[in-house]
Amino acid sequence: LVDCSTLYARVGGRAFFEGLVDRFYEEVSGDPTLRPMYPDDLAPSREHLTSFLIQYWGGPADYSRERGHPRLRIRHAPFPITAEAADAWLAHMRSALAGADGLDGADADELDAYFAMASRQLRNV
Ligand code: HEM
């Protein structure tokens, strides 16, 4: 029986978020605006975003156990997040979402709306 109470469970758990974040960072690694903001080794960034999203969407709370409260605005303060950078981030995440197989339409819409809202909120320039 599939637990339908969380989006995390509906989309198939950890594997879905790992695939999403892999596709996302694959694009970020070639983005001239975003790539310079990230560390040379993208593996820790990949793990942070994966575990954050898993926790946010109702999966295990490993993110907060390992990293503490998300405080995303404060954690993004060191990076100049212009409208252009936020748009680029969202475009890569939308492309990663489009690459997901068998995602239910309502779940896709919910994820899309969240990423659009969150990327807009993190603009700080
Ligand atoms: C708006 C454009 C954005 C830019 C340019 C951006 C850039 C960055 C950069 C450079 C880092 C530091 C490297 C790392 O530790 O991963 C980071 C961390 C992070 N970002 Fe973003 N980000 C953006 C939006 C978002 C959004 C919308 C979310 C959530 C939905 C998010 C979630 C995270 C998380 C969870 C971390 C790791 C925080 C930590 O535990 O240290 N970011 N981001």
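Under the numbering used here, the residue at position 73 of the sequence shown is numbered 73, and the numbers go up by one with no gaps.
A virtual CB, placed ideally from N, CA and C, is assigned to each residue, including glycine.
Please read all numbers here as calculations on a predicted model, not as lab measurements.
Cut-off 7 angstroms between Cβ atoms - residues of its own chain near Thr50, not counting five sequence neighbours on either side: Position 50 of the sequence shown holds residue 50. Excluding sequence neighbours, Thr50 sits near Phe17, Glu18, Val21.
Exposed unless 16 or more other CB atoms sit within 10 angstroms - verdict on Gln55: Working through the sequence shown from its first residue, we reach residue 55 at position 55. Residue environment: Gln55 is assigned as buried (16 or more neighbouring CB atoms within 10 Å of its CB, all protein chains considered).
Residue burial classification, Ile74 (beta-carbon count within 10 angstroms, cutoff 16): Working through the sequence shown from its first residue, we reach residue 74 at position 74. Burial call: exposed.
Reduced DSSP secondary structure (H/G/I, E/B, other) of Phe79: Mapped onto the sequence shown, residue 79 falls at position 79. DSSP places Phe79 outside both helix and strand once states are collapsed to three, so it counts as coil.
For Thr132, the first and last residue of its enclosing alpha helix (DSSP H): Because the chain here runs from 1 to 125, residue 132 falls outside it and cannot be looked at.
Residue from Gly59, Ala118, Asn124, Pro44 whose Cα sits closest to the Cα of Arg94: The residue you call residue 94 lines up with position 94 of the sequence shown. Here the closest residue by C-alpha is Ala118.
Touch test, the region 36–47 against the region 101–115, Cβ-Cβ under 8 angstroms, three pairs minimum: Touching, no, given that fewer than three Cβ pairs across the two stretches are closer than 8 angstroms.
Selected residue, minimal CA-CA separation from Gly58, among Ala9, Ala88, Thr82: Counted from its first residue, the sequence shown places residue 58 at position 58. Considering only alpha carbons, the answer is Ala9.
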